[in-house]
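Encoded as structure tokens, the structure appears first; notes follow it.
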Amino acid sequence: MEHYTMNLTLKVWKQKNQNTRGHFETYQVKDISSEMSFLEMFDVLNERLIEENREPIAFDHDCREGICGMCSMYINGRPHGPWHGTTTCQLHMRAFKDGDTIVVEPWRANAFPVIKDLMVDRGAFDRIIQAGGYISVNTGSAADANAIPVEKEKADQAFTAAACIGCGACVAACKNSSAMLFVSAKVAQLALLPQGAPEKKSRVLDMIDQMDKEGFGSCTMTGACEAVCPKEISVDNIARLNEQYLSAVLTIDK
Amino acid sequence: MLDSKVPAGPVERKWNDYKGHVKLVNPANKRKLEVIVVGTGLAGASAAATLAELGYRVKAFCFQDSPRRAHSIAAQGGINAAKNYQNDGDSVFRLFYDTLKGGDYRSREANTYRLAEVSANIIDQCVAQGVPFAREYGGLLDNRSFGGVQVKRTFYAAGQTGQQLLLGAYQALERQVALGNVTMYARHEMQDLVIIDGKARGIICRNLITGELERFFGHAVLLCSGGYGNVFYLSTNAMGCNVTAAWKAHKKGAYFANPCYTQIHPTCIPVTGDHQSKLTLMSESLRNDGRIWVPKNQNETRKANDIPEEERDYYLERRYPAFGNLVPRDVASRAAKERCDAGYGVGTTKQAVYLDFRYNLINKYGRAEASRHGIENPDTETLVRLGKEVVKEKYGNLFDMYERITGENPYEVPMRIYPAVHYTMGGLWVDYELMTSIQGLYALGECNFSDHGANRLGASALMQGLADGYFVIPYTIGNYLANEISVKPVPTTHEAFEAAEKAVSDRMNHLMNIKGKQSVETFHKRLGKIMWEKCGMARNEAGLKEGIEEIRALRKEFWNDLKIPGEIKEMNPELDKANRVADFMELGELMCIDALNRTESCGCHFREESQTADGEALRIDDQFQHVSAWEFKGDDNWELHKEHLEFELAKPTQRNYK
């Protein structure tokens, strides 16, 4: 792979806090190596801004290996940028060429208010999990791990759903800002496993209820969420959720 | 005097006897007791959830935007447990023995035994929570093997075991939040510990969104804040990982044990340039199928695939014929450094070796597949094609990650890898009950020092974090809190809270008012370079002494020339970083002092003065069979306390992997 350097124009969303109007600010960055990660390019820019006594750009990031779900940039109209199945932190500058203009925005959704610049508050996701995204089992009361065999195919599907990193790209990509892919991944994971069966009705109803309360929109199955999900979570999980939801609504004893 | 409070009696019975006699707190009294948990990784989330289930009032804190993001999430390979589901001879004793030996006989025997004992319960608990471990076709749990061990005892969920375990603990935690038993404070970072009458009674936090300082009371405080690998700047840790919570406790009286024990993981993607912000691990499991080599010629310029077989040096297989590419992490890392230092390194920086899958791809997987498909005398091309499919199934996500980062296709060319800082075995000194040398202050998970000695085995970090949180602290904390039931919550207007908050506020003002020329990042990089060169994979007396002087000089410069933009009372990531780096500067010095003091080599701590004729680590048991616990006595001043290590069940021997 040939290494090269590039000069770029960045248009980045700047917003002081939740109550202030934001705007795009334009920056020129020079001599960016094709070996850098996208966030390292931001590191370089921020170091320069500090040197010039200007305010650095605030953005969320932590593990920088694509698993913590903290990074959340909307790059050129696509959550996490141009590479398929990749988080912002794993996107590398090889994806761009000399002279490119790159537009970077925060996730935009009513349920994810902007905290500062490119940082948003995703507390709504935690509250949806609090509503029922768990199995109610206290420590110490578990039976032997092999007491209940689980069909391998089901276990594998549960794992694939559980791979969700809670980044919120699905919400950012959705024209309705729906959180259905996120919610369905957790509902499906726990519904596929026998351990999750006792609470399956209340879980799906409570989680959907909380999702609505948080201000996420409805799902119209356009599949934009799946297309941008860095962990390639499938919309099949939304079908599983719908099945769970329908059956719960019709049969739950209130 | 250090009292480890290890219970009397045979090692195998200590924990059971302890549990049978430990003091209890009745449910009505638990509701009156408040517990602070700092950090929400495996140790913190499991402890917070479990203590809340028991009835304690819990306040949990993390600096990330959600407890689900703690760096436990990034653990790849798996979690050990002595289940013996494979019927291959595993037992509590074997897991205990492997862990103790892997740690080069520098851990506390009773703690390590307890870890092995509770390991099986962890798997039961996680399965009940819905953690989707890998399974076999019969529906039962699958296991894989890991370095330095002869049984298959590692439970896993693809290359994302840490993620799945953490989400299990996170969900248990969120359930308790919903029930009102835990109050969760995200984007809050602990800045100081509050001590009243010699007991830990609270913490001061910075609200990372508003920049305000906030005070919190607790009858006890649990530090579950992880390791300090980021003192090296470049490591496999997340960007935010830091030592601040533990360091503040240390400066208030908690001893810091074995700070020089740092694990350098042999297989990470090498540094490409000065812009590099972190390093990425390639799982230890890859060494099962990869062969590590360098060219036989120094300063080789040909591409890897153009170098003929007879001009390749498979140095691990050459030096360690018995274990070959599967020697423990510390041994593999030192061997790679030795080759690169001698001028045999590869890549543009010459600081890398090859990890090559072609041999097994063709001979192991390609031939097996060919035979399965009934292909006779297959040509190399066919073997490569067939082998590739198998390798993809086993390691596909890791290969993809490698390609994203380097732009090279590891199916076609060997990976370039180099050792990187990964885990810290040292940490706050704790007794058998996980209490530090401050009453009512506990340390769990990577934050403490006790279970892994001088080198941690693969798949044991997850085990320890969850053991401490789910199964140890819920018992041991009762022994302390039983005596606290009549203590009323102290109002945070108490003078001790006032004083602690003022000290934090003064320091922040000091940092902001330096108004120098250099950014935090510049200082952190320079500190990391000193640590890596002087207190990294190999250490010697002269280098460590230089390191100490260089760190002191750098610290002085830091406090005179640091530049932080923005204000205190607002979101200010640069100020947060400066706070952390200021503490790393002090820790770095203590690490060098500890490494200088321990003139033996053990596990990952390699003193060049103490090696065998063929360059292996040489322990000196009669002088160093102890834990070095350092007490802070003022700037640049520490007093050493020693905890002698007793071994009843497993007598120390020299490790040999030849």
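Line by line, the protein sequences are chains A and B.
All letters in the first sequence, in the order written, are residues 14 to 267 by this note's numbering.
All letters in the second sequence, in the order written, are residues 37 to 694 by this note's numbering.
No residue lacks a Cβ here, since even glycine has one placed at the ideal position from N, Cα and C.
| Check | Outcome |
| --- | --- |
| What residues are listed by DSSP as bridge partners for B:G238? | B:V230, B:F253 |
| Might you give, ordered along the chain, the residues of its own chain that have their beta carbon closer than 6 Å to the beta carbon of B:S321, omitting 5 neighbours on each side? | G113 |
| Who are the neighbours of B:E172 on chain A, taking C-beta pairs under 9 Å? | K165 |
| From the DSSP output, in three-state form, read off A:S46 for me. | strand |
| Listed in chain order, which residues of the segment 67 to 80 of chain A have Cβ atoms closer than 8 Å to some Cβ of chain B? | R67, E68, P69, A71, D73, H74, D75, C76, R77, E78, G79, I80 |
| For A:R253, is the classification buried or exposed, using 16 other Cβ atoms within 10 angstroms of its Cβ as the cut-off for buried? | buried |
| Quick check: the Cα distance between A:L62 and B:G463, rounded to an integer number of angstroms? | 36 Å |
| Answer with yes or no whether the minimum CB distance from B:G175 to chain A is below 8 Å. | yes |
| Against chain B, with Cβ distances strictly below 8 Å, would A:F172 count as a contact? | yes |
| Report back the beta-carbon spacing between A:A158 and B:L598 to the nearest angstrom; my notes put them in contact at under 8 Å. | A:A158 to B:L598, Cβ: 51 Å. No contact. |
| Taking 8 Å as the CB-CB cut-off, is B:V58 touching chain A? | no |
| Establish whether the CB of B:E679 and some CB of chain A are separated by less than 8 Å. | no |
| To the nearest angstrom, report how far apart B:E582 and B:C296 are at their CA atoms. | 16 Å |
| Can you check whether the C-beta of B:L391 is within less than 8 Å of a C-beta belonging to chain A? | no |
| Measure the C-alpha to C-alpha separation of B:T190 and B:D101 and round it to an integer number of angstroms. | 31 Å |
| Mind listing which residues of the segment 540 to 565 of chain B have their C-beta closer than 7 Å to chain A's C-betas, in chain order? | S555, E557 |
| Does the pairing of the segment 237 to 250 of chain A with the segment 430 to 442 of chain B give three or more beta-carbon distances under 8 Å? | no |
| Check each candidate in B:R591, B:P43, B:I513 and name the one with the smallest Cα separation from B:V61. | B:I513 |
| Please identify, using Cβ separations under 9 Å, the residues of the segment 187 to 200 of chain B that lie next to chain A, in order along the chain. | F191, A193, A194, Q196, G198, Q199, Q200 |
| Measuring straight from C-alpha to C-alpha, what distance separates B:K188 and B:N179? | 6 Å |
| Take B:N324 as the anchor and find which of B:D310, B:N361, B:C640 has the nearest alpha-carbon. | B:N361 |
| With 16 as the cutoff for other CB atoms within 10 Å, does A:M86 come out buried or exposed? | buried |
| Quick one: Cα of A:D266 to Cα of A:E164, how far? | 29 Å |
| First and last residue of the beta strand (DSSP E) that includes A:M19? | 18 to 27 |
| Please report how far the alpha carbon of A:S260 lies from the alpha carbon of A:L218, in whole angstroms. | 10 Å |
| Since B:E667 sits in a beta bridge, which residues does DSSP pair it with? | B:E675 |
| Pull up the CB-CB distance for B:G3 and B:E606, whole angstroms please, since I reckon it's below 8 Å. | Limits of chain B in this structure are 37 at one end and 694 at the other, which puts residue 3 of chain B out of reach. |
| For B:C241 and B:M226, what's the separation of their Cα atoms in angstroms? | 4 Å |
| For the beta strand (DSSP E) that A:H97 lies in, which residues bound it at each end? | Premise fails: A:H97 is in no beta strand (DSSP E) and is neither H nor E. |
| Measuring alpha carbon to alpha carbon, tell me which of B:G138, B:A79, B:F132, B:Q165 ends up nearest B:T151. | Here the sequence assigns Leu to residue 151 of chain B, which means Thr is not the residue at that position. Here the closest residue by C-alpha is B:F132. |
| If you reduce the DSSP assignment to three classes, tell me which class B:Q196 lands in. | coil |
| With a threshold of 7 Å on Cβ separation, who are the neighbours of B:G234 within its own chain once the five nearest residues in sequence on each side are excluded? | Q475 |
| Closer than 8 Å is the cut-off here; do at least three beta carbon pairs connect the segment 72 to 88 of chain A with the segment 146 to 162 of chain A? | no |
| Please report the distance separating the alpha-carbon of B:L676 from that of B:N123. | 46 Å |
| Counting along the chain, where does the beta strand (DSSP E) carrying B:D597 start and finish? | Counting along the chain, B:D597 falls outside any beta strand (DSSP E), though it belongs to the alpha helix (DSSP H) covering 577 to 597. |
| Starting from A:Q223, follow the alpha helix (DSSP H) in both directions and report where the run begins and ends. | 213 to 226 |
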